[in-house]
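J.: Next up is a structure, given as structure tokens.
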């Protein structure tokens, strides 16, 4: 059936089928939609008092929020937290104890910077703790929930900290009394000299499926196959009729 009209119809069917296939792919791309918006709420810096309260766990919706905290970093309360991964490399965080300038003052931990060298972390903490005056600061960074404390292994230093645990910090920081505490910590977006800024990417947004678009995509794929199917049956029917007519002519000529 290599007649020009059938070849032309085949090309038309393939063109229509290709268009339907493209529409199906487009619908599939639209079916997988990210919940991330151009202006994510977590990426707008907000005062910590506007998004979190002391004394209770952080809401899931504010974990990862960029916050601003005004207050003082308490001398003597700088600590090293080990086994902290930064961009795939394990090292140490230098952390501080920040007293907010609110009334009443509240405590929150601040992860100030990272280093792969334990000696550098210890030296930085010693230098910061030797300062007799509290450092007035404005810390901007990402808010994270407090982590659970971990018991050291049998052969490990019993005083080594490996998690950002407010439950552990409040037992180490000085003059805590009944001061309110934020059950979380801020990863600062600037680091002291000699340390690396801790990588704190935005919280990954969820992905949702639009099932209506998936249904439409399936329809377009069916239409794409149907275009070629129709061409095939038209050609098959024409070939069958031609064979039947030829057979009828042979029968009549034989009588």
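In our numbering, the protein residues as written are 34 to 288.
Ideal placement from N, C-alpha and C gives every residue a C-beta, glycine not left out.
Could you give the residue range of the alpha helix (DSSP H) that holds residue 101?
T.: One-based indexing of the chain shown puts residue 101 at position 68. Unbroken run through residue 101 is the beta strand (DSSP E), 99-106; no alpha helix (DSSP H).
J.: Mind checking which residues open and close the beta strand (DSSP E) that includes residue 142?
T.: For this step, residue 142 is matched to residue 109 along the chain shown. Element bounds for residue 142: 140-148.
J.: Could you tell me the distance, in whole angstroms, from the CA atom of residue 132 to the CA atom of residue 55?
T.: Taking the first residue of the chain shown as position 1, residue 132 is located at position 99. Taking the first residue of the chain shown as position 1, residue 55 is located at position 22. Using only the alpha carbons, I get a separation of about 59 Å.
J.: Can you give me the C-alpha to C-alpha distance between residue 46 and residue 281, rounded to a whole angstrom?
T.: Numbered from 1 along the chain shown, position 13 holds the residue referred to as residue 46. Numbered from 1 along the chain shown, position 248 holds the residue referred to as residue 281. Distance between the alpha carbons of residue 46 and residue 281 is about 32 Å.
J.: Could you tell me the boundaries of the alpha helix (DSSP H) in which residue 204 lies?
T.: Indexing the chain shown from 1 puts residue 204 at position 171. No alpha helix (DSSP H) holds residue 204; DSSP gives it neither H nor E.
J.: Taking the DSSP output, what are the residues bridged to residue 174?
T.: Counting from one through the chain shown, the residue named residue 174 turns up at place 141. According to DSSP, which records beta bridges pairwise, residue 174 is partnered with 100, 221.
J.: Round the Cβ separation of residue 225 and residue 157 to the nearest angstrom and send it over; I've been treating them as touching at under 8 Å.
T.: Translated into the one-based positions of the chain shown, residue 225 becomes position 192. Translated into the one-based positions of the chain shown, residue 157 becomes position 124. The pair is a contact, with the Cβ atoms about 6 Å apart (cut-off 8 Å).
J.: For residue 123, list the residues DSSP reports as bridge partners.
T.: On the chain shown, position 90 is the one that residue 123 refers to. Bridge partners of residue 123: 118.
J.: In angstroms, rounded to a whole number, what distance separates the CA positions of residue 205 and residue 86?
T.: Residue mapping note: residue 205 aligns to position 172 of the chain shown, counting from 1. Residue mapping note: residue 86 aligns to position 53 of the chain shown, counting from 1. So the two alpha carbons sit approximately 22 Å from each other.
J.: If you compare alpha carbons, which of 212, 219, 116 is closest to residue 173?
T.: Stepping through the chain shown from its first residue, residue 173 is reached at position 140. Considering only alpha carbons, the answer is 219.
J.: Which same chain residues end up closer than 7 Å to residue 75 when comparing Cβ atoms and leaving out the 5 residues on each side of it in sequence?
T.: Mapped onto the chain shown, residue 75 falls at position 42. The residues are 97, 98, 99, 235, 236.
J.: Report, in whole angstroms, the separation of the C-beta atoms of residue 195 and residue 101, which I expect to be a contact under 8 Å.
T.: Translated into the one-based positions of the chain shown, residue 195 becomes position 162. Translated into the one-based positions of the chain shown, residue 101 becomes position 68. About 28 Å separates the two Cβ atoms, so there is no contact after all.
J.: On the DSSP bridge assignment, give the partners of residue 216 in chain order.
T.: Taking the first residue of the chain shown as 1, we reach residue 216 at position 183. Answer is 90.
J.: According to the neighbour-count rule (16 or more other Cβ atoms, all chains shown, within 10 Å of its Cβ), is residue 251 buried or exposed?
T.: Locating residue 251 in the chain shown gives position 218, where the first residue counts as 1. With fewer than 16 Cβ atoms within 10 Å of its Cβ, residue 251 is classed as exposed.
J.: Verify whether the separation of the beta carbon atoms of residue 142 and residue 128 is less than 8 Å.
T.: Working through the chain shown from its first residue, we reach residue 142 at position 109. Working through the chain shown from its first residue, we reach residue 128 at position 95. It is a contact, given that the beta carbons lie within the stated cut-off.
J.: Rounded to whole angstroms, what's the CA-CA distance from residue 88 to residue 125? Just pull it up for me.
T.: For the purposes of this step, residue 88 is taken as the residue at position 55 of the chain shown. For the purposes of this step, residue 125 is taken as the residue at position 92 of the chain shown. Going by the C-alpha atoms only, they are around 27 Å apart.
J.: Sort 136, 112, 191, 201 by Cα distance to residue 159 and report the nearest one.
T.: For the purposes of this step, residue 159 is taken as the residue at position 126 of the chain shown. That would be 112, whose Cα lies nearest to the Cα of residue 159.
J.: By how many angstroms is the C-alpha of residue 279 removed from the C-alpha of residue 52?
T.: Taking the chain shown and counting its residues from 1, one reaches residue 52 at position 19. Taking the chain shown and counting its residues from 1, one reaches residue 279 at position 246. Whole-angstrom Cα-Cα distance: 38 Å.
J.: How would you label residue 177, buried or exposed, when you count the other beta carbons within 10 angstroms and need 16 or more for buried?
T.: As a working mapping, residue 177 is identified with position 144 in the chain shown. With 16 or more other Cβ atoms within 10 Å, it is buried.
J.: Looking only at its chain, what residues have a beta carbon closer than 6 Å to the beta carbon of residue 80, apart from the 5 residues adjacent to it on each side?
T.: In the chain shown, residue 80 corresponds to position 47, counting from 1. Hits under 6 Å: 101.
J.: Give the secondary structure of residue 198 by DSSP, where H, G and I count as helix, E and B as strand, and everything else as coil.
T.: Within the chain shown, numbered from 1, the residue matching residue 198 stands at position 165. In the structure shown, residue 198 sits in coil (DSSP, three-state: anything other than H, G, I, E or B).
J.: From residue 144 to residue 183, what does the alpha carbon distance come to, in whole angstroms?
T.: Within the chain shown, numbered from 1, the residue matching residue 144 stands at position 111. Within the chain shown, numbered from 1, the residue matching residue 183 stands at position 150. Their backbone Cα atoms lie some 18 Å apart in a straight line.
J.: So the alpha helix (DSSP H) residue 236 belongs to, where does it begin and stop?
T.: What you label residue 236 is simply residue 203 of the chain shown in a count that begins at 1. First-last for residue 236: undefined, no H or E at that position.
J.: For residue 130, count neighbouring Cβ atoms within 10 angstroms of its own Cβ and tell me buried if that reaches 16, exposed if not.
T.: On the chain shown, residue 130 is found 97 positions in, with the first residue counted as 1. Answer is buried; the Cβ neighbour count reaches 16.
J.: Comparing alpha-carbon positions, which option in 58, 213, 146 lies nearest residue 221?
T.: On the chain shown, position 188 is the one that residue 221 refers to. Taking only the C-alpha atoms, the option nearest residue 221 is 146.
J.: Hey, out of 261, 274, 256, 277, whose CA is closest to residue 41's CA?
T.: Here residue 41 refers to the residue found at position 8 when the chain shown is read from its first residue. Taking only the C-alpha atoms, the option nearest residue 41 is 261.
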